[in-house]
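Here is the structure we will look at, set down as structure tokens.
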Amino acid sequence: CICAWPEKGPVTAPVTTCDINDSLLSDPLAVSGCEESGSAFMCSSQSPWAVDEKLAYGFPPVRIAGQTESDWGCACYELTFTSGPAQGKKWLVQATNTGGDLGSNHFDIAIPGGGVGIFNGCTPTGTRPPDGWGDRYGGIRENTCYELPAPLQPGCEWRFDWFQNSDNQTVDFDPSGMPC
């Protein structure tokens, strides 16, 4: 989580990270859970959630064309989905991480049960399936959120309720960001 590290963005306090049990860590320099010896993971409180039928919040990894990590790190964006089942809905996000595997102008929606992708932070935990739940890329394909630990279930349900199980949506957004 780049925003947990000091001086990665113009913020008053770093984004919190959690240990394997979803308890807050006090050390903003804790090693990422994606590393073999890592102890820092995204907290379940950073799962996406809906405000109403047309608006939701979340914390995705981001990569913006023509910018650097320090430009987009911790920045906020308003995304409007322009395709698929979520078309027309708005998602307000804070970029709390970056992804080395992301393309330009890419927001990687971090959803519990949505797949672990290339940076598998689930394997070191020993309490989850080796590739998370479902497919490594894409996660579970139908609503089996009840199989996830209780703190992750609401974020997983968001995918099937508000996001309507969308996949690889296109979006409109202002790359200069917005106030957080």
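Last residue of the sequence shown: number 208 in the working numbering, and the count goes up by one each step with no gaps.
By construction, the Cβ of each residue, glycine as well, lies at the ideal position given by its N, Cα and C atoms.
List the residues that DSSP assigns as beta-bridge partners of residue i.
i           : result
residue 200 : 108
residue 91  : 134
residue 69  : 46
Would a C-beta distance cut-off of 8 Å place residue i and residue j closer than the cut-off?
i           : j           : result
residue 105 : residue 84  : no
residue 183 : residue 113 : no
residue 142 : residue 187 : yes
residue 45  : residue 89  : no
residue 110 : residue 118 : no
residue 121 : residue 87  : yes
residue 205 : residue 138 : no
Along the chain, where does the alpha helix (DSSP H) containing residue i start, and where does it finish?
i           : result
residue 183 : 181 to 188
residue 161 : It is not in any alpha helix (DSSP H) - residue 161 carries neither H nor E in the DSSP assignment.
residue 98  : 97 to 100
How should residue i be labelled, buried or exposed, when 16 other C-beta atoms within 10 angstroms of its C-beta is the threshold for buried?
i           : result
residue 43  : buried
residue 74  : buried
residue 52  : exposed
residue 59  : exposed
residue 70  : buried
residue 207 : exposed
residue 146 : exposed
residue 170 : exposed
residue 167 : buried
Measuring alpha carbon to alpha carbon, tell me which residue in the options is nearest residue i.
i           : options              : result
residue 55  : 142, 92, 67 and 185  : 67
residue 100 : 134, 181, 72 and 197 : 134
residue 209 : 96, 48 and 61        : With the chain running from 29 to 208 in the structure shown, residue 209 is simply not present.
residue 198 : 165, 132, 168 and 87 : 132
Between which two residues does the beta strand (DSSP E) containing residue i stretch?
i           : result
residue 114 : Per DSSP, residue 114 belongs to no beta strand (DSSP E) and is neither H nor E.
residue 217 : There is simply no residue 217 to check, as the chain begins at 29 and stops at 208 in what is shown.
residue 84  : 83 to 86
Using a C-beta cutoff of 8 Å, does residue i count as contacting chain B?
i          : result
residue 87 : In the displayed structure, chain B is absent; only one protein chain is listed.
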